[in-house]
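Below is one structure, written out as structure tokens; the observations come after it.
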Amino acid sequence: MSEVKARTELLRLGMELARHDRLYHAEDAPEITDAAYDALRRRYNDVAAAFPGLVGADDPAAKVGAAPGGGFAKIRHGVPMLSLDNAFGPEDFTEFCARIRRFLGLDEAALGFVAEPKIDGLSISLTYEHGRFVQGATRGDGTEGEDVTANLRTLKDLPLRLKGEAPARIEIRGEVFMTKADFLAMNAAQESAGEKMFANPRNAAAGGLRQLDARITATRPLSLFAYAMGEASGPVAETHWEYLERLRAWGFTVNPLSRRIADAAAFQAEVGAARAGLAYDIDGVVYKLDDLALQRRLGFVGRAPRWAIAWKFPAEQATTVLEGIDIQLGRTGALTPVARLVPVNVGGVLVRNATLHNADEIARKDIRIGDTVIIQRAGDVIPQVVGPVEGAPRGAAAYVFPAVCPACGSAAVRAPGEVVMRCTGGLACPAQVEERLIHFVSRGAFDIEGLGEKTIREFHEEGLIGGPADIFSRLPLLEAEIAVREGWGALSARNLVAAIAQRRGIGLARFIFALGIRRIGEANAKLLARHYGSYANWRAQMAAAVVIGSEARSDLGSILGIGPAIAEELAEFFAEPRNVAALDALAAELTIADAEARGGGELTGKSVVFTGTLETLTRPEAKAMAEKMGARVTDSVSKKTDLVVVGADAGSKARKAVELGVRVLSEAEWRALAGGGGGG
DNA sequence: ACCCCTCGAGTTCT
DNA sequence: CTCGAGGGGT
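Heads up: the first sequence begins at 0 in numbering that gives the first Met the number 0, then just goes up one per residue.
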């Protein structure tokens with residue numbers, strides 16, 4: 000096919016696919032069969048793969064799932080995508096089994112496990128409705144991922160339609176990866192084309208999946224193994240192994256090494272020996288309790304299931320020389336020592352820096368400048384300095400942590416009982432001010448497009464902005480000056496000014512978070528916004544709360560989740576006149592929206608205790624009701640308890656509630672209040 | 001005086 | 001991702 004013909008073909012196929020996507024997703028009125036759709040899609044992918052140079056960003060077929068503002072739309076996972084606890088040796092695995100036995104009250108009974116190699120790729124979630132693939136998302140932070148449906152549709156291993164019977168709606172989880180051979184071939188092709196090369200298969204897979212243009216993804220050799228169950232609208236299997244067999248029957252590829260095992264240590268050794276010869280990278284083996292009913296009973300602790308564990312292979316290590324230790328400054332003034340290393344390749348990534356955390360850590364590991372040190376990247380991504388290589392020549396002297404801030408010269412102090420050293424310079428420390436500005440424009444805060452870390456540093460160092468208010472009061476007046484800066488142009492300067500203008504309106508929670516007050520992260524900012532409602536009220540109450548013992552201070556402390564340390568931190572911020580002046584200057588530039596009315600009902604965020612015998616509800620029902628309304632249920636009454644529901648024969652808890660002045664409800668009153676959430 | 005959990009802060013590299 | 005610290009509960 001000639002390039003001209005290919006171009007026409009791609010355009011035609013692209014428009015057609017876009018039309019069918021729309022009919023299918025938005026109008027729910029497909030005109031062609033799934034098989035016909037698949038054939039179209041395959042044809043499209045083939046042409047796109049043969050002529051990668053033709054793929055552009057304007058093709059309608061590439062746009063499914065893309066967010067309006069570019070990037071990907073966010074998708075909330077029905078069931079969070081959790082992480083796994085790690086094991087590093089047989090003792091960890093034994094302890095894992097013991098924990099399961101303890102929890103389930105099983106003594107000698109053998110536990111059946113399914114073992115699966117842990118692929119070093121990207122976790123994804125796939126949703127099928129009536130057997131058809133409708134949506135795919137990345138793991139993201141576990142709660143919310145990115146919609147990469149269009150990209151996933153291009154994977155050869157992904158069935159667009161499940162073979163045979165399937166529940167009406169089912170979510171399937173798997174791992175997208177690139178084989179070592181595909182990676183090498185692709186990198187060779189990229190190199191000869193003068194294109195960007197990837198450091199390792201994992202990055203290559205990530206890069207391929209996160210293309211904004213699905214046609215580029217189609218040209219990347221991505222593979223997929225399915226391995227886990229998310230939500231399903233009907234029963235699928237009774238054991239994990241049966242479930243894997245269902246996946247195979249539906250048309251997924253399941254890792255062929257997966258199997259039921261009796262001896263984890265033996266399997267671990269077997270896979271470890273086979274590791275180098277496998278077609279893909281793995282970093283361990285996942286062991287899952289086979290019986291799904293037992294899995295349900297075990298449930299989760301924190302962010303990980305109790306019924307599975309990832310037994311990791313020993314971390315990849317490398318040795319290099321510690322050239323020096325730099326001190327980095329955080330926005331709260333924390334001084335963090337960072338190791339500057341002679342660049343070394345660890346597990347496919349060139350490592351130059353590694354955090355040393357704090358002075359204690361350096362002393363404990365006895366790390367000195369000039370040492371030959373061991374670097375490792377364990378299950379995580381972040382490199383660590385393990386310690387000096389034994390027997391190698393040592394650096395001269397023990398490291399002495401600086402007593403003053405390297406940026407401003409103010410004293411560096413360590414609060415009693417704390418580990419970190421902090422600069423006492425506050426607003427007088429330019430480095431702290433700069434870090435705070437970076438936080439101010441960061442993603443969860445003002446998130447101004449075109450104003451990233453690098454730009455902020457430049458603007459701050461050159462005196463264009465001294466504080467957050469300047470972003471709004473000064474930068475828009477400097478459009479002409481910015482336009483002639485290196486790397487800028489008239490268009491980008493205009494866009495920046497527009498982006499700034501757009502952010503003059505902001506929600507209260509984001510605004511509070513953006514201030515960068517210590518201990519006030521996203522969650523606490525939201526608590527404050529909900530409690531105070533409006534900026535004016537918050538500002539007034541905080542100013543009043545500076546006085547210890549004031550009514551405003553105790554009101555602040557009464558917020559569930561806000562304790563004395565956080566209240567003190569806020570009071571300190573407002574006690575500093577320069578902070579208040581900067582805050583007022585900033586607020587004058589903005590329109591700060593009131594916090595959205597408390598979601599749901601008056602129970603949101605409240606702490607509820609049930610006591611006595613409930614007559615029309617079981618305890619689990621009552622608990623589910625409360626949680627559905629956003630409340631938190633505990634067993635004991637304290638002064639942070641908002642509500643005590645008293646059943647028959649209530650004892651000391653009811654008395655305590657009265658003593659503490661906590662609102663008391665009868666079961667009937669509770670039902671009236673929470674009625675909406677019943678049955679759950 | 002504990003334990004468990006959530007939140008915050010800091011960090012690496014592509 | 002990991003650590004430390006705060007908050008709330010027992």
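Glycine included, C-beta positions come from ideal geometry on N, C-alpha and C.
Per DSSP, the unbroken beta strand (DSSP E) holding Phe176 starts and ends at 168-176. With a cut-off of 8 Å on Cβ pairs, the stretch 577-591 is not in contact with the stretch 639-652, counting fewer than three such pairs. For Leu151, the closest of Ile99, Lys162, Gly207 by C-alpha to C-alpha distance is Gly207.
Per DSSP, the continuous beta strand (DSSP E) segment holding Lys73 begins and ends at 73-75. Nearest to Thr252 by alpha-carbon distance, out of Leu297, Gly298, Ile171, is Ile171. Along the stretch 202-273, the alpha helix (DSSP H) occurs as fully enclosed runs of 4 or more residues at 213-218, 239-249, 263-273, listed in sequence order. Between the stretch 522-529 and the stretch 558-575 there are three or more C-beta pairs closer than 8 Å, enough to call the two in contact. DSSP lists Gln327 as the beta-bridge partner residues of Thr335. The criterion of a C-beta distance shorter than 8 Å is not satisfied by Trp669 and Val632. Inclusion of Val343 and Thr371 in the CB contact set at 8 Å is not warranted, their separation being larger than that value.
A Cβ-Cβ separation of about 4 Å places Glu448 in contact with Ala498 under the 8 Å criterion. The Cβ neighbour count for Gly283, taken over all protein chains shown within 10 Å, is at least 16; the residue is labelled buried. Under the three-pair Cβ rule at 8 Å, the stretch 320-336 counts as touching the stretch 390-401. Here the alpha carbons of Ala482 and Tyr534 stand approximately 35 Å from one another.
The alpha-carbon separation between Asp119 and Glu145 amounts to approximately 19 Å. For Asn357, no beta strand (DSSP E) encloses it, and the DSSP letter there is neither H nor E.
Per DSSP, reduced to three states, the secondary structure at Gly135 is strand. Cβ atoms of Phe176 and Ser222 come within 8 Å of each other, at about 6 Å.
Annotation: Leu426 to Gly451 spans about 21 Å, alpha carbon to alpha carbon.
The bridge partners DSSP lists for Trp310 are Ala86, Val284. Nearest to Asp156 by alpha-carbon distance, out of Val496, Lys655, Asn254, Ala671, is Asn254. In this structure, DSSP gives Pro429 a helical state, which the three-state scheme calls helix. In this structure, Phe112 and Asp289 form a Cβ contact; the two beta carbons are roughly 6 Å apart against a cut-off of 8 Å. For Met541, the enclosing alpha helix (DSSP H) stretches over residues 534-544. For Ser665, the secondary structure class from DSSP, reduced to helix, strand or coil, is strand.
In this structure, DSSP gives Glu614 a state outside helix and strand, which the three-state scheme calls coil. Counting C-beta atoms within 10 angstroms of its own C-beta, Ile547 has fewer than 16 neighbours from the protein chains shown and is therefore classed as exposed. Counting of Cβ neighbours within 10 angstroms places Gln267 among the buried residues, the total reaching 16 or more. With contacts defined by Cβ atoms closer than 8 Å, Ala309 and Val285 form a contacting pair. Cys407 sits in coil when the DSSP states are folded into three classes, being neither helix nor strand. Going by beta carbons, Gly173 and Ala225 fall inside the 8 Å limit. Looking from the CA of Gly611, the closest CA among Ala500, Ala647, Leu582 belongs to Ala647. If the five residues before and after Val419 are omitted, its C-beta is found closer than 6 Å to the C-beta atoms of Ala333, Asn357, all from its own chain and listed in chain order. Annotation: Ala542 to Ala551 spans about 9 Å, alpha carbon to alpha carbon. Per DSSP, Ser472 is one residue of the alpha helix (DSSP H) stretching across 467-472. DSSP places Val372 inside the beta strand (DSSP E), whose first and last residues are 371-376.
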